[in-house]
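Numbering (the numbering used here), first residue to last: 274 to 572.
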Ligand SMILES: Cc1cc2nc3c(=O)[nH]c(=O)nc-3n(C[C@H](O)[C@H](O)[C@H](O)COP(=O)(O)OP(=O)(O)OC[C@H]3O[C@@H](n4cnc5c(N)ncnc54)[C@H](O)[C@@H]3O)c2cc1C
């Protein structure tokens with residue numbers, strides 16, 4: 274299955290979009306905001322929080338960034354109107370970080386301001402390494418006037434431990450994840466266990482400094498390790514949350530929820546579902562099975 278998977282993953286990108294959509298649906302709430310609202314209501318009814326993501330990244334024109342901002346502002350209005358227990362995650366390149374840093378700052382500032390009016394929160398996702406420093410700078414700049422925002426850091430990057438040492442002193446609300454992009458070995462750990470070890474060391478530093486952490490993983494090893502660390506450090510349950518992606522490992526999700534930890538699900542929606550779904554499929558050990566199944570069952 275492993276070899277078959279790696280071959281099929283290479284072919285995922287050349288599959289027709291309608292085929293990809295058949296098995297990508299598992300990972301997205303739908304293409305419309307009302308789809309996301311429905312999913313969040315269902316999660317909230319089980320005591321699970323959400324973070325909403327309007328799909329899209331690396332836009333090419335400022336107009337596209339303005340359009341993305343408008344959609345995100347509508348999401349904030351909708352969360353408020355429906356009294357959802359949800360915040361918003363956004364990708365800086367979707368708001369123009371790759372085009373013009375000052376322009377992007379202005380776009381995100383508007384969003385953060387609106388969120389503050391609603392007493393809501395914005396999570397800035399972390400993208401690939403050309404944007405790491407720019408994203409941290411952007412976050413620091415926004416934080417001068419606002420406290421209702423947090424950043425993501427990636428355990429596979431060798432620089433992250435040092436970044437966190439500095440951000441800890443400043444007081445930061447984090448999401449800690451392994452990292453999803455393909456990065457060169459000079460800057461990123463490549464071995465599974467190295468990434469896990471770095472994840473646990475970084476988490477330890479965050480907790481020890483009393484910073485709020487979203488522990489974002491589906492890896493049983495890291496969830497078990499986090500449980501132990503949190504117990505050892507006697508961390509109050511209001512000081513952290515677990516975070517998982519919509520459609521991934523519902524059994525683990527239910528366990529964390531039943532164990533009484535705060536849990537937030539990342540719920541993406543939108544017309545631009547393709548790139549997000551491809552990344553999820555490439556992570557999925559069952560990908561070959563899904564693709565084969567959908568290829569044969571689709572008429
Ligand atoms: C809430 C959240 C937000 C994130 N935000 C970012 C971000 O801003 N920037 C960034 O670079 N990365 C982000 N990620 C992705 C993250 O970096 C990892 O790539 C991803 O979570 C997989 O790592 P893992 O820790 O779950 O471990 P893995 O070893 O990849 O997965 C552990 C196990 O979970 C299961 N699993 C994992 N993924 C899938 C899947 N797609 N389908 C089915 N089963 C699966 C498998 O059983 C696997 O063995 C985010 C992840 C989460 C949960």
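Quick reminder that beta carbons are idealized off the backbone N, C-alpha and C, glycines included.
Cβ-based neighbour list, residue i, same chain, cut-off 6 angstroms, excluding 5 preceding and 5 following
{"i": "residue 314", "result": "none"}
{"i": "residue 352", "result": "359"}
{"i": "residue 344", "result": "327"}
{"i": "residue 446", "result": "423, 485"}
{"i": "residue 302", "result": "308, 309, 312, 540, 542"}
{"i": "residue 227", "result": "The requested residue 227 does not occur in the structure, where the chain is confined to residues 274 to 572."}
{"i": "residue 506", "result": "480"}
CB of residue i within 7 angstroms of CB of residue j, strictly
{"i": "residue 389", "j": "residue 421", "result": "yes"}
{"i": "residue 517", "j": "residue 491", "result": "yes"}
{"i": "residue 371", "j": "residue 380", "result": "no"}
{"i": "residue 462", "j": "residue 486", "result": "no"}
{"i": "residue 339", "j": "residue 325", "result": "no"}
{"i": "residue 451", "j": "residue 426", "result": "no"}
{"i": "residue 387", "j": "residue 346", "result": "yes"}
Residue i CB to nearest heavy atom of ligand 1 below 6 angstroms
{"i": "residue 492", "result": "yes"}
{"i": "residue 323", "result": "no"}
{"i": "residue 302", "result": "no"}
{"i": "residue 450", "result": "yes"}
{"i": "residue 480", "result": "no"}
{"i": "residue 297", "result": "no"}
{"i": "residue 467", "result": "no"}
{"i": "residue 557", "result": "yes"}
{"i": "residue 399", "result": "yes"}
{"i": "residue 462", "result": "no"}
Residue burial classification, residue i (beta-carbon count within 10 angstroms, cutoff 16)
{"i": "residue 365", "result": "buried"}
{"i": "residue 297", "result": "buried"}
{"i": "residue 408", "result": "buried"}
{"i": "residue 330", "result": "buried"}
{"i": "residue 455", "result": "exposed"}
{"i": "residue 392", "result": "exposed"}
Residue i versus residue j: straight-line alpha-carbon distance, rounded
{"i": "residue 539", "j": "residue 436", "result": "24 angstroms"}
{"i": "residue 537", "j": "residue 511", "result": "13 angstroms"}
{"i": "residue 576", "j": "residue 428", "result": "A question about residue 576 goes unanswered here, because the residues of the chain that appear run from 274 up to 572."}
{"i": "residue 522", "j": "residue 443", "result": "34 angstroms"}
{"i": "residue 543", "j": "residue 419", "result": "28 angstroms"}
{"i": "residue 295", "j": "residue 547", "result": "11 angstroms"}
{"i": "residue 321", "j": "residue 402", "result": "31 angstroms"}
{"i": "residue 290", "j": "residue 557", "result": "18 angstroms"}
{"i": "residue 449", "j": "residue 398", "result": "10 angstroms"}
{"i": "residue 375", "j": "residue 528", "result": "43 angstroms"}
{"i": "residue 525", "j": "residue 493", "result": "8 angstroms"}
{"i": "residue 406", "j": "residue 323", "result": "27 angstroms"}
{"i": "residue 394", "j": "residue 530", "result": "21 angstroms"}
{"i": "residue 288", "j": "residue 553", "result": "15 angstroms"}
Spatial neighbours of residue i in its chain, beta-carbon cut-off 7 angstroms, leaving aside the 5 residues before and after
{"i": "residue 482", "result": "441"}
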